[in-house]
Amino acid sequence: MEKDNVISFPKNKVFAGLKIPIMLTIEETAKVTGRAKHYIRELAKDKKIVHTRSGKKYLINLEKFIEYENTNFGCEQEDTEELIANKFNLKPIKA
5 MEKDNVISFP KNKVFAGLKI PIMLTIEETA KVTGRAKHYI RELAKDKKIV HTRSGKKYLI
65 NLEKFIEYEN TNFGCEQEDT EELIANKFNL KPIKA
């Protein structure tokens, strides 16, 4: 078996000005990040994280997923305040 025609690209390297993203399955992403598979799957279904589909499999962009996780789990500050207010049935006071 000859491998002369096979071109392998190192992960996370720049090739002709393009950065090749690390794409992992849901299971692999869960192992790397320590998050639950169903949590990652729901984020992908709700289109909250960068992903692509290959057949039935979701391929998650690892760097974008970590970026999503580091930005307050994808919530903006206003969203977080609203979630807290709704949890405790609070109403904002207008100044």
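The sequence shown runs 5 to 99 under my numbering. Beta carbons are placed, not taken as given, at the ideal position from N, Cα and C, and that holds for glycine.
Who are the near neighbours of residue i in its chain, counting only those whose CB is closer than 6 Å to its CB and skipping five residues on each side?
i: Thr56; result: Leu63
Can you list, in chain order, the residues of its chain with a C-beta nearer than 7 Å to that of residue i? Leave out the 5 residues immediately preceding and following it.
i: Lys41; result: Ile30, Glu31 and Ala34
i: Glu46; result: none
i: Ile44; result: Ile30, Thr33, Ala34 and Ile64
If we call anything under 7 Å between Cβ atoms a contact, is residue i one with residue j?
i: Asn74; j: Pro25; result: no
i: Tyr72; j: Ile97; result: no
Can you tell me whether residue i is buried or exposed? The criterion is at least 16 other CB atoms within 10 Å of its CB, across all chains shown.
i: Leu22; result: exposed
i: Ala20; result: exposed
Among the residues of its own chain, which have a CB less than 8 Å from the CB of residue i, if the five just before and after it don't count?
i: Leu28; result: Val36, Leu63, Ile64 and Leu66
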